[in-house]
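>
Residue numbers (the numbering used here): 3 to 229.
1) Would you check if the distance between the CB atom of residue 94 and the CB atom of residue 115 is smaller than 7 Å?
2) State the beta-bridge partners of residue 136 as determined by DSSP.
3) What's the C-alpha gap between residue 197 and residue 169?
4) Kindly indicate which residue of 160, 136, 143, 10 has the alpha-carbon position closest to the one of residue 79.
5) When you compare only the Cα positions, how much space is there between residue 81 and residue 195?
6) On a Cα-Cα basis, can you pick out the residue from 97, 101, 126 that is closest to residue 112?
7) With burial defined as no fewer than 16 other Cβ atoms inside 10 Å of the residue's Cβ, what is the status of residue 43: buried or exposed?
8) Below 8 Å, how does it come out for the region 156-170 and the region 19-34: are there three or more Cβ pairs, yes or no?
9) To which residues of the same chain is residue 11 closer than 6 Å at the C-beta, ignoring the five residues directly before and after it?
10) Where DSSP assigns a beta bridge to residue 115, which residues make up the other side?
11) Where does the unbroken beta strand (DSSP E) through residue 101 begin, and where does it stop?
12) Under the assumption that residue 110 contacts residue 125 (Cβ atoms under 8 Å), give the Cβ distance between them as a whole number of angstroms.
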């Protein structure tokens with residue numbers, strides 16, 4: 003559904019009563035955010051490669067992530083990889099920003115200043131290269147423009163209308179929203195959520211089923227009999 007179509011749908015399930023041109027899209031985008039924050043959906047995973055570092059980089063060298071569009075949060079155990087362009091890869095895991103001084107000499111770690119959107123790599127950078135930053139993105143805001151649409155599958159879009167109308171009735175969290183839906187709307191919304199979770203589970207499994215974390219280099223496997 004486009005933004006205007008979502009507005010029309012919301013009005014229809016609200017018994018034909020319009021909510022208000024500005025308010026309805028605030029509720030729709032709030033509903034969108036609530037769905038997107040539930041889990042690291044495959045559709046929202048992204049890797050940014052616009053940042054690079056030099057060997058002169060230190061624990062005090064700030065890397066500005068404010069230019070990474072719609073950055074929400076890092077994703078994965080080692081969300082940052084430094085790649086030299088050929089075969090060299092250095093992995094970085096996140097540590098608490100308030101323990102920055104303790105980790106300043108620990109290579110392979112990084113801290114993130116959330117307030118200022120600044121990234122700092124700790125320890126020694128092994129080589130110059132490009133940073134591959136795995137993260138979750140927020141989807142674009144939904145507006146009343148005909149070109150505006152949620153990036154999730156179209157069969158999920160009614161969920162935003164159900165949630166938006168329930169929020170308008172006084173819902174402030176998932177339980178409130180569920181309670182304020184008409185029974186048939188609640189059933190439809192829950193069915194959509196379950197289908198979406200199942201669809202996303204399949205996508206996550208598909209991306210993992212042919213990977214072996216110990217395959218590279220044919221190394222020994224922990225807990226196995228290695229001959």
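Ideal Cβ placement from N, Cα and C applies to all residues, glycine included. Since the model is a prediction, treat every value here as computed from it, not as a measurement.
Let me lay it out:
1) One-based indexing of the chain shown puts residue 94 at position 92. One-based indexing of the chain shown puts residue 115 at position 113. Taking 7 Å as the Cβ cut-off, residue 94 and residue 115 do not qualify as a contacting pair.
2) Against the chain shown, residue 136 aligns to sequence position 134. Beta-bridge pairing links residue 136 to 49.
3) For this step, residue 197 is matched to residue 195 along the chain shown. For this step, residue 169 is matched to residue 167 along the chain shown. The straight-line gap from Cα to Cα measures roughly 22 Å.
4) Within the chain shown, the letter at position 77 stands for residue 79. Residue 136 is the option with its Cα nearest to residue 79.
5) The sequence position of residue 81 within the chain shown is 79, counting from 1. The sequence position of residue 195 within the chain shown is 193, counting from 1. Between residue 81 and residue 195, the C-alpha separation is close to 27 Å.
6) Locating residue 112 in the chain shown gives position 110, where the first residue counts as 1. When only C-alpha atoms are compared, the closest one is 97.
7) As a position in the chain shown, residue 43 is number 41, starting the count at 1. Residue 43 is buried by the Cβ-count criterion.
8) yes
9) Sequence index remark: in the chain shown, residue 11 carries index 9 (1-based). So the list reads 163, once near-sequence residues are dropped.
10) Sequence index remark: in the chain shown, residue 115 carries index 113 (1-based). Looking at the DSSP assignment, residue 115 forms a beta bridge with 120.
11) For the purposes of this step, residue 101 is taken as the residue at position 99 of the chain shown. That residue, residue 101, is in no beta strand (DSSP E); it is neither H nor E in DSSP.
12) Residue mapping note: residue 110 aligns to position 108 of the chain shown, counting from 1. Residue mapping note: residue 125 aligns to position 123 of the chain shown, counting from 1. Sure, about 7 Å apart at Cβ, within 8 Å.
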